[in-house]
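Line by line, the protein sequences are chains D and E.
Residue 629 in our numbering sits at position 186 of the first sequence, and the numbers go up by one each step.
Residue 449 in our numbering sits at position 6 of the second sequence, and the numbers go up by one each step.
Beta carbons are placed, not taken as given, at the ideal position from N, Cα and C, and that holds for glycine.
Quick caveat, the model's predicted, so the values are computed rather than measured.
Number of protein chains: 2
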Amino acid sequence: MTEGIKRRGLMLVLSSPSGAGKTTLSRRLLETDSNITMSVSATTRAMRPNEVDGQDYFFVDAPKFETMAKDGAFLEHATVFGNRYGTPKKPVMDALAAGRDVLFDIDWQGTQQLKEQAREDVVSIFVLPPSREELERRLRSRAQDSEDTIQQRMAKANGEISHWPEYDYVVLNSNVVHALSQIEQILGAERARRTRLIGISEFVAQLTEG
Amino acid sequence: MTEGIKRRGLMLVLSSPSGAGKTTLSRRLLETDSNITMSVSATTRAMRPNEVDGQDYFFVDAPKFETMAKDGAFLEHATVFGNRYGTPKKPVMDALAAGRDVLFDIDWQGTQQLKEQAREDVVSIFVLPPSREELERRLRSRAQDSEDTIQQRMAKANGEISHWPEYDYVVLNSNVVHALSQIEQILGAERARRTRLIGISEFVAQLTEG
Numbered sequence: 444m445t446e447g448i449k450r451r452g453l454m455l456v457l458s459s460p461s462g463a464g465k466t467t468l469s470r471r472l473l474e475t476d477s478n479i480t481m482s483v484s485a486t487t488r489a490m491r492p493n494e495v496d497g498q499d500y501f502f503v504d505a506p507k508f509e510t511m512a513k514d515g516a517f518l519e520h521a522t523v524f525g526n527r528y529g530t531p532k533k534p535v536m537d538a539l540a541a542g543r544d545v546l547f548d549i550d551w552q553g554t555q556q557l558k559e560q561a562r563e564d565v566v567s568i569f570v571l572p573p574s575r576e577e578l579e580r581r582l583r584s585r586a587q588d589s590e591d592t593i594q595q596r597m598a599k600a601n602g603e604i605s606h607w608p609e610y611d612y613v614v615l616n617s618n619v620v621h622a623l624s625q626i627e628q629i630l631g632a633e634r635a636r637r638t639r640l641i642g643i644s645e646f647v648a649q650l651t652e653g
Numbered sequence: 444m445t446e447g448i449k450r451r452g453l454m455l456v457l458s459s460p461s462g463a464g465k466t467t468l469s470r471r472l473l474e475t476d477s478n479i480t481m482s483v484s485a486t487t488r489a490m491r492p493n494e495v496d497g498q499d500y501f502f503v504d505a506p507k508f509e510t511m512a513k514d515g516a517f518l519e520h521a522t523v524f525g526n527r528y529g530t531p532k533k534p535v536m537d538a539l540a541a542g543r544d545v546l547f548d549i550d551w552q553g554t555q556q557l558k559e560q561a562r563e564d565v566v567s568i569f570v571l572p573p574s575r576e577e578l579e580r581r582l583r584s585r586a587q588d589s590e591d592t593i594q595q596r597m598a599k600a601n602g603e604i605s606h607w608p609e610y611d612y613v614v615l616n617s618n619v620v621h622a623l624s625q626i627e628q629i630l631g632a633e634r635a636r637r638t639r640l641i642g643i644s645e646f647v648a649q650l651t652e653g
């Protein structure tokens with residue numbers, strides 16, 4: 444958009460069971476689209492040797508995290524294996540106000556929290572694996588895993604998949620190139636959505652002044 | 444979509460003041476996208492020499508048109524310069540059920556009627572001209588027109604433009620290639636919208652059966 448018409452950024456949520464190829468799709472999208480950045484979460488878990496504070500995560504201690512949660516500083520937060528994870532609200536809201544889009548790789552629970560806080564800004568996509576065989580193949584890919592572990596993963600995947608009806612769009616990932624193209628189309632369309640555009644009233648006033 | 448997932452077609456509405464380039468955009472879209480066809484209207488006006496019945500319009504007499512209107516056989520209808528125009532409902536609904544999309548080149552009043560009849564199926568785009576100068580230039584293009592005629596056209600354009608807030612998307616036509624690309628993205632995205640997809644529940648059941 445030109446001519447004084449701007450737009451508010453959007454939050455693009457990609458959810459899927461593990462094994463649907465979402466991580467690859469996110470990485471490719473970040474590579475091809477210069478206007479979208481990954482949301483950086485805060486976490487209480489220990490920093491790993493290859494990680495960078497403020498890039499992979501914002502590493503915070505438990506009391507700091509709880510204070511932030513109490514102050515409403517998170518768009519969504521959750522506990523995984525005893526560690527706390529949360530999306531700080533301010534950097535996301537600043538990005539949206541500047542017309543930049545933010546990508547979220549979160550589950551259905553995080554998506555629900557996000558929608559409660561900023562429904563109009565959220566565009567949610569559920570990525571489905573192409574078949575049960577392919578999903579199982581991907582979940583079995585680490586050969587050292589026990590059958591129990593694999594069954595647990597399948598059960599977790601099934602639980603996640605059951606939430607597809609809560610999403611705006613559904614993309615079937617049979618082919619990465621095709622799925623990526625669909626996600627790019629969704630992003631392109633949502634950027635032209637009227638409710639996100641800023642300054643049209645003024646532009647129209649210029650168009651129609653007699 | 445594959446794997447037994449089908450989708451319901453959609454009604455793509457393009458509205459704009461004359462002079463915004465909508466006719467060119469419609470023609471290009473029909474050329475590049477094989478799954479969308481133009482809606483064919485019924486009319487009571489006389490057939491012109493170069494026109495084909497059932498292709499340009501369904502030519503009907505006034506009593507026939509009134510019977511159709513009374514029977515609810517139109518998705519929308521209007522009177523222009525004493526002639527009646529209407530979109531027959533059945534061919535459109537048949538196309539949507541078969542997963543084909545239908546393009547409508549109608550004004551804000553037609554769009555309102557369409558939305559009253561089938562809100563979930565309608566995707567509406569308002570095309571804006573790039574500037575007042577360009578709009579005026581296009582409306583003045585026929586040199587023999589009187590200043591009164593041109594002023595009437597401008598007033599009509601202004602009236603049409605005032606309805607942009609009723610549309611789902613707004614596309615600024617500064618450049619035909621860019622505007623067409625935006626319309627294609629909207630079409631691609633809306634085709635992946637969850638509410639249009641058919642057979643996902645069954646597909647998900649296959650994915651998750653233990």
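With respect to the alpha helix (DSSP H) encompassing residue i, which residues constitute its N-terminal and C-terminal limits?
i	result
arginine 527 of chain E	Element bounds for arginine 527 of chain E: not the alpha helix (DSSP H) but the beta strand (DSSP E), 526 to 531.
serine 644 of chain E	643 to 651
serine 469 of chain D	465 to 475
methionine 511 of chain D	505 to 513
isoleucine 629 of chain E	619 to 634
So the candidates are the options; which of them puts its Cα closest to the Cα of residue i?
i	options	result
arginine 634 of chain D	E/Asp496, E/Val614, E/Asp550 and E/Asp499	E/Val614
proline 460 of chain E	E/Asp550, E/Gly452 and E/Val523	E/Asp550
glycine 462 of chain D	D/Gln625, D/Gln628, D/Ser617 and D/Gly631	D/Ser617
methionine 490 of chain E	E/Ala512, E/Tyr528, E/Ser584 and E/Leu455	E/Tyr528
glutamate 652 of chain E	D/Glu652, D/Asp496, D/Gly642 and D/Lys599	D/Lys599
valine 565 of chain E	E/Arg639, E/Thr522, E/Val619 and E/Gln587	E/Arg639
methionine 536 of chain D	D/Glu563, D/His621 and D/Glu576	D/Glu563
serine 574 of chain E	E/Gln552, E/Ala561, E/Phe508 and E/Met597	E/Met597
glutamine 552 of chain E	E/Leu650, E/Gln498 and E/Val456	E/Val456
Got a sec, what are the start and stop residues for the beta strand (DSSP E) residue i sits in?
i	result
serine 605 of chain E	Where serine 605 of chain E is concerned, there is no enclosing beta strand (DSSP E), given that its DSSP letter is neither H nor E.
valine 613 of chain D	612 to 615
threonine 486 of chain D	484 to 486
glutamate 519 of chain D	517 to 523
Could you tell me the alpha carbon to alpha carbon distance between residue i and residue j, rounded to whole angstroms?
i	j	result
methionine 444 of chain D	threonine 554 of chain E	Because methionine 444 of chain D carries a pLDDT of 49, less than 50, the predicted location of this residue cannot be relied on, and the following value inherits that uncertainty. Rounded to the nearest angstrom, the two C-alpha atoms are 24 Å apart.
alanine 538 of chain E	threonine 530 of chain E	13 Å
glutamate 519 of chain D	serine 644 of chain D	33 Å
aspartate 548 of chain D	proline 572 of chain D	16 Å
asparagine 493 of chain E	valine 483 of chain E	16 Å
arginine 637 of chain E	tyrosine 612 of chain D	5 Å
serine 632 of chain E	aspartate 591 of chain E	Checking the displayed sequence, the identity of residue 632 of chain E turns out to be alanine instead of serine. Rounded to the nearest angstrom, the two C-alpha atoms are 43 Å apart.
tryptophan 607 of chain E	leucine 453 of chain D	21 Å
threonine 486 of chain D	serine 584 of chain D	28 Å
aspartate 496 of chain E	isoleucine 448 of chain E	36 Å
serine 510 of chain D	alanine 516 of chain D	The amino acid occupying residue 510 of chain D in the given sequence is threonine; serine does not appear at that position. Distance between the alpha carbons of threonine 510 of chain D and alanine 516 of chain D: 9 Å.
leucine 557 of chain D	arginine 580 of chain E	47 Å
phenylalanine 569 of chain E	tyrosine 500 of chain D	41 Å
threonine 622 of chain E	glycine 464 of chain E	Going by the sequence as given, residue 622 of chain E is alanine instead of threonine. Alanine 622 of chain E and glycine 464 of chain E: Cα-Cα distance of roughly 10 Å.
glutamate 577 of chain E	alanine 648 of chain D	15 Å
isoleucine 604 of chain D	lysine 513 of chain E	47 Å
asparagine 478 of chain E	arginine 450 of chain E	12 Å
Using beta carbons (cut-off 9 Å, strictly below), is residue i in contact with chain C?
i	result
phenylalanine 569 of chain E	Among the protein chains in the structure shown, which are D and E, there is no chain C.
Within the present structure, is the beta-carbon of residue i separated from the nearest heavy atom of the ligand FMN by less than 8 Å?
i	result
threonine 651 of chain D	Looking at this structure, you won't find the ligand FMN or any other ligand, since it has none at all.
Can you pull out the residues from the stretch 597 to 614 of chain D whose beta carbon lies closer than 8 Å to at least one beta carbon of chain E?
Met597, Ala600, Asn601, Ile604, Ser605, Trp607, Pro608, Tyr610, Asp611, Tyr612, Val613 and Val614
Between the stretch 466 to 479 of chain D and the stretch 624 to 634 of chain D, do at least 3 Cβ pairs fall closer than 8 Å?
yes
Select from the stretch 481 to 514 of chain D all residues with a C-beta closer than 8 Å to any C-beta belonging to chain E, and list them in chain order.
none
Residues of the stretch 635 to 651 of chain E whose Cβ lies closer than 7 Å to any Cβ of chain D, in chain order
Ala635, Arg636, Arg637, Leu640, Ile643, Val647, Gln649, Leu650 and Thr651
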